[in-house]
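First comes the structure, then the notes that go with it.
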Amino acid sequence: MDIVNLGKPDREFTRRVEKESGQTVSKCYQCGNCTAGCPMGFAYDFQVNRIMRMVQAGQKDLVLSSKAVWYCATCESCTVRCPNNIDVATVMDVCRHMARREKKIGVWGVRAFTASFLETVKRFGRSWEMGAMGGFMAFALKPFTDLDLVPKVLPKNKLPLVPHTIKARKEVADIFKRYNEGKRNGK
Amino acid sequence: MANNSLAYYPGCSGQGTSKEYDMSTRAVCHALDVKLQDIEDWSCCGSTPAHTVDHGLSTALSARNFVQAEEQGLADVTTPCPSCLKNLKVALHRLKDKNVGPEAERILGRSLTQEHSVRSILQVIYEDIGLKKIAAKVVQPLTGLKVVPYYGCLMTRPHDLMEFDDEENPVSMDKIMEAAGATILPFPLKVECCGASMGIPRNDAVTRLTGRLLGVAASLGAEAIVVACPLCQMNLDLRQSQVNRYNKTNYKIPVFYFTQLLGLAFGIQDTHLGFDKLVVDPKPVLSKLMANKSVLPGTFDNAEVAA
């Protein structure tokens, strides 16, 4: 385990995480239950109990630049098993939102999938698997992702080659529009 | 007259990779007289990508579907997909949250006018129909079929939000399958994560996590895995070949939706259950089951199952 030097605590960061997640992170006493049950821990640079400690210690940069907040699969094991009833998965979620707002690059592959998935929702009103995959391959520069699965899934005749577009797709596009306006105005 | 149908939210994957879940859900609900009315022109709940970007956006995307349901005079929503389920349920909570609520309403451009409930198809079948009625519907019990039920991470947790079954050891699907005559093997990984959508950006997450699920299921002697989640099903079934390749294993375990097996036990025609949509061939398991069929009628004690 790498030892990290704690910088000057940013108390405002801790307060913001608490406000946006609705959780009291100071209740964490480092039992490690969250980390013990975390299925994605193998991919993390900092285990989730350390993220919690770094949030308490106001280590904004370390937390928001971590890979961990991007690899969290939001399976809720940590939330369910926290003896202090902290919704740890929501703390991770909120840290990821803040990392986006702070323009951290994060883990590009995860971002590419998120972006391409939401792009299909914005355009058609519903997500579209083929479109999301195509978008991911383009954004992530991984054109051969899952090509081995194509001959297995195509004969099943269940992957729509064209998206299911809803009638009121403008309503959904407007949701994204208002969200983006709010983001620009720094809500 | 009050509309006693449930508002049905199929979810996007129900029109794609989990078509067979949607088909078999409709068929089983029809057989059990659960009235489903599709939410008209429903839209995507935003799934995991939306809530990892912003809670206001995610809440608004989900909440639009309640607006649609309200216009049809429907309040109680049901969906087969646990990810949709969780997003829809969280949205109802967040709309009442003093931080996220007002922002979500601004993004949505309107507010809801009534109270709503959201439950999974699993919960509706388990609670509203019950094991007794399920057992009574069984004409072709799944006797001899050894299965492990796998719930995935989202269906029951966190309990404060999902308000259904147990968050570490759920049993609803076990009992439903038991009522259908199957043999349930004790599966310790019922709620362990399969890797979810990380399969795309980080394939080793799935080969590792789903690999463990398949490994334990195989070591228990399971002939099939029974699931209630489209993403779990896809990882276990479609990606089983990837798991085998990376882990040098050779599993051929079919992965059924619980509604498919329930439909089979109810004697619903295959054409409504979509077994041909499964990637790992279920025929060997199904034909073994059918081979036993002749000795089965009459040996099945409904009262015992329902007790």
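Chains as they are written, first to last, in my numbering: chain A, 1 to 187; chain B, 1 to 307. Ideal placement from N, C-alpha and C gives every residue a C-beta, glycine not left out.
Just checking: is the beta-carbon of residue i within a distance shorter than 8 Å of some beta-carbon in chain A?
i	result
cysteine 29(B)	no
threonine 17(B)	yes
lysine 283(B)	no
leucine 286(B)	no
threonine 299(B)	Because the pLDDT at threonine 299(B) is just 39, under 50, the model does not fix this residue reliably, and the value given afterwards should be weighed accordingly. Threonine 299(B) does not count as touching chain A.
glycine 46(B)	yes
valine 279(B)	yes
glutamate 223(B)	no
Taking just the CA atoms, how far does residue j sit from residue i?
i	j	result
alanine 168(A)	aspartate 41(B)	7 Å
tyrosine 126(B)	alanine 222(B)	23 Å
threonine 17(B)	glutamine 260(B)	15 Å
asparagine 65(B)	threonine 113(B)	13 Å
lysine 158(A)	leucine 286(B)	21 Å
phenylalanine 258(B)	methionine 173(B)	7 Å
aspartate 237(B)	leucine 278(B)	7 Å
glycine 144(B)	lysine 19(A)	53 Å
asparagine 185(A)	valine 17(A)	20 Å
valine 216(B)	glycine 181(B)	22 Å
methionine 40(A)	alanine 196(B)	10 Å
valine 4(A)	leucine 64(A)	14 Å
arginine 178(A)	glycine 101(B)	15 Å
phenylalanine 164(B)	isoleucine 225(B)	21 Å
valine 148(B)	arginine 111(A)	34 Å
alanine 140(A)	leucine 62(A)	24 Å
Which class does residue i belong to by DSSP, given the choice of helix, strand or coil?
i	result
glutamine 37(B)	strand
phenylalanine 144(A)	coil
leucine 261(B)	helix
isoleucine 105(A)	coil
isoleucine 175(A)	helix
isoleucine 225(B)	strand
arginine 119(B)	strand
proline 82(B)	helix
For a contact defined as C-beta to C-beta under 8 Å, what are the partners of residue i on chain A?
i	result
lysine 248(B)	Per Cβ cutoff of 8 Å: no residues; lysine 248(B) is ~16 Å from chain A at best.
leucine 238(B)	Leu149, Lys152 and Val153
Please report whether the beta-carbon of residue i lies at a distance below 8 Å from any beta-carbon of chain B.
i	result
serine 127(A)	yes
glycine 134(A)	no
serine 66(A)	no
glutamate 18(A)	no
lysine 8(A)	no
glycine 106(A)	no
phenylalanine 117(A)	yes
leucine 154(A)	no
Closer than 9 Å by beta-carbon distance: list the chain B residues that pair up with residue i, in chain order.
i	result
serine 77(A)	Cys153, Arg157, Val191, Glu192 and Cys193
aspartate 148(A)	Ser241, Gln242 and Arg245
proline 83(A)	Under the 9 Å cutoff, chain B gives no residues; its nearest Cβ is about 14 Å from proline 83(A).
Run through chain A and tell me which residues come within less than 7 Å of residue i, C-beta to C-beta.
i	result
aspartate 41(B)	Ile166, Lys167 and Ala168
cysteine 81(B)	Those within 7 Å of cysteine 81(B) in chain A number zero; the least Cβ separation is about 12 Å.
cysteine 12(B)	Arg126 and Ser127
Skipping 5 residues on each side, what residues in its chain have a beta carbon closer than 8 Å to that of residue i?
i	result
glycine 152(B)	Pro82, Val191, Cys193, Cys194, Val227, Ala228, Cys229, Leu231 and Cys232
serine 5(B)	Lys35, Leu36, Gln37 and Leu74
isoleucine 166(A)	Phe124, Gly125, Arg126 and Val172
For residue i, collect the residues of the same chain with a Cβ closer than 7 Å to its Cβ; drop the 5 residues on either side in sequence, then sort them by chain order.
i	result
glutamate 168(B)	Val191
alanine 104(B)	Gly56, Thr59, Ala60, Ala63, Arg94 and Leu95
valine 280(B)	Asp237, Gln240, Lys252, Ile253, Pro254 and Val255
Starting from the beta carbon of residue i, find every residue of chain B whose beta carbon is closer than 8 Å, and list them in chain order.
i	result
aspartate 93(A)	His51, Thr52 and His55
isoleucine 175(A)	Leu57, Ala60, Leu61, Arg64, Ile107, Leu108 and Gly109
phenylalanine 113(A)	Pro49, Ser197, Ile200 and Pro201
For residue i, which residues of its own chain have a beta-carbon under 6 Å away from its beta-carbon, when the five flanking residues on both sides are left out?
i	result
lysine 67(A)	Asp45 and Val107
lysine 183(A)	none
lysine 60(A)	Asp10 and Phe13
Can you list the residues of chain B that residue i reaches, using a CB-CB cut of under 7 Å?
i	result
alanine 57(A)	Simply none; closest approach about 24 Å.
proline 39(A)	Glu192, Cys193 and Leu209
proline 143(A)	By Cβ distance, chain B contributes nothing, its closest Cβ being about 13 Å from proline 143(A), past 7 Å.
Would you mind telling me which residues of chain A sit closer than 9 Å to residue i, beta carbon to beta carbon, in chain order?
i	result
lysine 205(B)	According to the sequence provided, residue 205(B) is alanine. The question's lysine does not apply to it. Correct list: Pro39, Met40, Phe42, Ala43, Tyr71 and Ala73.
asparagine 99(B)	Lys19, Glu20 and Gly22
cysteine 84(B)	Under the 9 Å cutoff, chain A gives no residues; its nearest Cβ is about 11 Å from cysteine 84(B).
glutamate 127(B)	Within 9 Å Cβ-Cβ: nothing; glutamate 127(B) doesn't reach chain A, min ~21 Å.
Identify each residue in the stretch 50 to 79 of chain B for which the Cβ-Cβ distance to at least one residue of chain D is less than 7 Å, and report them in chain order. Of the protein chains in this structure, namely A and B, none is chain D.
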